[in-house]
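One structure is given below, encoded as C-alpha cells.
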Amino acid sequence: MAFRPSIKQALCATVVLVLGVSIYIGSQHHEPYGDFHLQLNVVSGRGKHESRPETEWLNMGLWKDTGIFPDACEALALRMIALAMPTPGGRILDVGHGSGDSLLLHLSHPSVPRPQSLAGITSIKGQHQRASERVAEAQEKLLHASEVSVDLYLGDAVFAPLLSKPSSSEHTHPLDPDNTSPPFTSILALDCAYHFVTREAFLTQSFARLAPGGRIALADMAFEPSTSTSWYSILLARNGVGPTLSVPIENMVSKSQYAAQMHKMGYVNVTVEDISDDVFPGFQEFLVSKRGLWRIFARVIGLWVKGGGKFVLVSGQKPTVDVMET
Numbered sequence: 001m002a003f004r005p006s007i008k009q010a011l012c013a014t015v016v017l018v019l020g021v022s023i024y025i026g027s028q029h030h031e032p033y034g035d036f037h038l039q040l041n042v043v044s045g046r047g048k049h050e051s052r053p054e055t056e057w058l059n060m061g062l063w064k065d066t067g068i069f070p071d072a073c074e075a076l077a078l079r080m081i082a083l084a085m086p087t088p089g090g091r092i093l094d095v096g097h098g099s100g101d102s103l104l105l106h107l108s109h110p111s112v113p114r115p116q117s118l119a120g121i122t123s124i125k126g127q128h129q130r131a132s133e134r135v136a137e138a139q140e141k142l143l144h145a146s147e148v149s150v151d152l153y154l155g156d157a158v159f160a161p162l163l164s165k166p167s168s169s170e171h172t173h174p175l176d177p178d179n180t181s182p183p184f185t186s187i188l189a190l191d192c193a194y195h196f197v198t199r200e201a202f203l204t205q206s207f208a209r210l211a212p213g214g215r216i217a218l219a220d221m222a223f224e225p226s227t228s229t230s231w232y233s234i235l236l237a238r239n240g241v242g243p244t245l246s247v248p249i250e251n252m253v254s255k256s257q258y259a260a261q262m263h264k265m266g267y268v269n270v271t272v273e274d275i276s277d278d279v280f281p282g283f284q285e286f287l288v289s290k291r292g293l294w295r296i297f298a299r300v301i302g303l304w305v306k307g308g309g310k311f312v313l314v315s316g317q318k319p320t321v322d323v324m325e326t
C-alpha cells in the first residue's frame, strides 16, 4: 500500500519548508514587503555607481525572452498595460505600484501613451514615499512627464468606509464611490490582487470607478488543480503556501470562476490567459541562482505550482453607455 501522509504531516512539511522564508521576510520589515527586493534588481554593469539599483521591481516577471530579473518584471508590466489598451490623455489608476517602477512606465516608456492623470495606491508607507520621490524626479527630468497630473494614495487597495479616511478633503481613496474625480479609463493591478481582501471587492469597486468603455487589466494568480493533482499537494498549496504568500482562501479561484465573477459584476470582453509557463519556471530558476533563503522561496513557489497555482493575465471592460442603456 502506498504511503499517504496525514494532514498533520503534510502541513508540517510545508511549515518546515516555508519557515525560513517567513522569518526572513518578517525580519526585514513590519510590512509584507520591505527593501529586501532591491538585491533582486542588482544587475552587473547597471547602476554600479549608485547606492541603489536602477530599478526597484517586485513582481514574478515574464521570462519568455530574458533571464534578467528587472527586464522580466518590466516585460510583465508592459504585457499587462497593453491589455488595458491605454490611450493618450487617459486617466490611469495603478494599484499596488510598489516603489514606482510601473508608474514610471506611464511617464517615460515609448510604448505606453502619456496619460492626462495617473493615480496610484499602495499600502506600504516606505514604498509610497519612495514612489513619490521617483515620480517627482522623473517629472523634473523627462520631457512631457511634468504634464501628467499624479496623485498617489497611501492605503489599502480595497476601499473601506471606516478605514479609508482621507488625510484631507482633497485626497480621497481612488475607489471611494463618493470620489468626485473623473472616472478612470484604465485600472491596473500588477502581481498584487491575489493579496487583496478581497479581490472580488476590488473588482466590484473598480467597475464602479471605470468610465464607460474603460478597461481593467491584472497580472494575477488563479488556483486550478488538475484531476491528477494529489490531495496533499492541493492541501499544501491551499492551507500552507497560500497563507505564506498572503493569498486569502476567497481569492483561490479557477480561471473559469475568475471570469464568471467578472461577468457577474458587469464586465464584458473578459479574458483570463494562463501564462504560468512563462512566469514560474523562470522566476524559480532566478531565485535559485540567488542562493540562500531565495532557494527556499523558489521551492515554496514550486509547491504552489504543484498544488494548482496558476499565473494569469486578466482583462475586462466596462460596457459603453449605449450598451449599458439597452
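In my numbering, the protein residues as written are 1 to 326. We put the CB at the ideal spot given by N, CA and C, even for glycine.
- CA-CA distance, Gly213 to Pro115, rounds to 16 Å.
- In this structure, Tyr258 sits near Ala222, with a CB-CB distance shorter than 8 Å.
- Excluding residues up to 5 positions away in sequence, Pro53 lie with their Cβ nearer than 7 Å to the Cβ of Val42 in the same chain.
- Fewer than three Cβ pairs drawn from the segment 225-237 and the segment 199-213 lie within less than 8 Å of each other, which leaves the two stretches out of contact.
- Here Leu58 is not near Leu107, since their CB atoms are 8 Å or more apart.
- For a cut-off of 8 Å, the C-beta gap from Gly155 to Ser123 is around 6 Å, short enough to register as a contact.
- According to the DSSP secondary-structure assignment, Glu273 is paired through a beta bridge with Leu313.
- Here Ile92 really is in contact with Leu118; their C-beta atoms are around 5 Å apart, less than 8 Å.
- When secondary structure is reduced to three states using DSSP, Pro113 falls in the coil class, being assigned neither helix nor strand.
- Around the beta carbon of Lys310, a 10 Å sphere encloses 16 or more other beta carbons of the protein chains shown; the residue is thus reported as buried.
- When DSSP reads this structure, Met221 sits in a beta bridge with Phe311.
- Going by C-alpha positions, Asp65 is about 11 Å away from Leu76.
- Residues Gly98, Ser99 of the same chain have their beta carbon placed closer than 6 Å to that of Gln127, with the five preceding and five following residues left out of the count.
- A residue is called buried once 16 or more other Cβ atoms fall within 10 Å of its Cβ, and Thr227, having fewer, is exposed.
- Between the alpha carbons of Ile296 and Leu313 lies a distance of about 26 Å.
- When DSSP states are grouped into helix, strand and coil, Ala119 belongs to the strand group.
- In the displayed model, Ile92 falls within a strand according to three-state DSSP.
- Closest in C-alpha terms to Ala145, from the list Gly282, Asp274, Leu105, Val300, comes Leu105.
- Val288: member of the alpha helix (DSSP H) spanning 280-290, first to last residue.
- When Ser111, Ile68, Val241 are compared, the shortest CA-CA separation from Ala82 is found for Ser111.
- The segment 169-188 makes no contact with the segment 280-291: fewer than 3 CB pairs, one atom from each, lie closer than 8 Å.
- By the Cβ-count criterion, Leu210 is buried, with 16 or more other Cβ atoms from all chains shown falling within 10 Å of its own Cβ.
- Within the same chain, Cβ atoms closer than 6 Å to the Cβ of Arg46 are found at Glu54, the five residues on either side in sequence being excluded.
- By the CB criterion at 8 Å, Gly90 and Leu190 fall outside the cutoff.
- In this structure, the beta-carbon distance from Met80 to Leu188 falls below 8 Å.
- Where Val135 is concerned, the enclosing alpha helix (DSSP H) starts and stops at 125-141.
- One thing to note: Leu303 has its Cβ within 8 Å of the Cβ of Ala237.
- Lys318 sits buried, since 16 or more C-beta atoms from the chains shown fall within 10 Å of its C-beta.
- Under the three-state reduction of DSSP output, Thr204 falls in the helix class.
- Measuring C-alpha to C-alpha distances from Asp178 to each of Ala208, Asp151, His195 identifies Ala208 as the nearest.
- Looking from the CA of Ile121, the closest CA among His263, Ala84, Ala193, Val305 belongs to Ala193.
- Under the 10 Å beta carbon count, Gly292 is surrounded by fewer than 16 other beta carbons and is classified as exposed.
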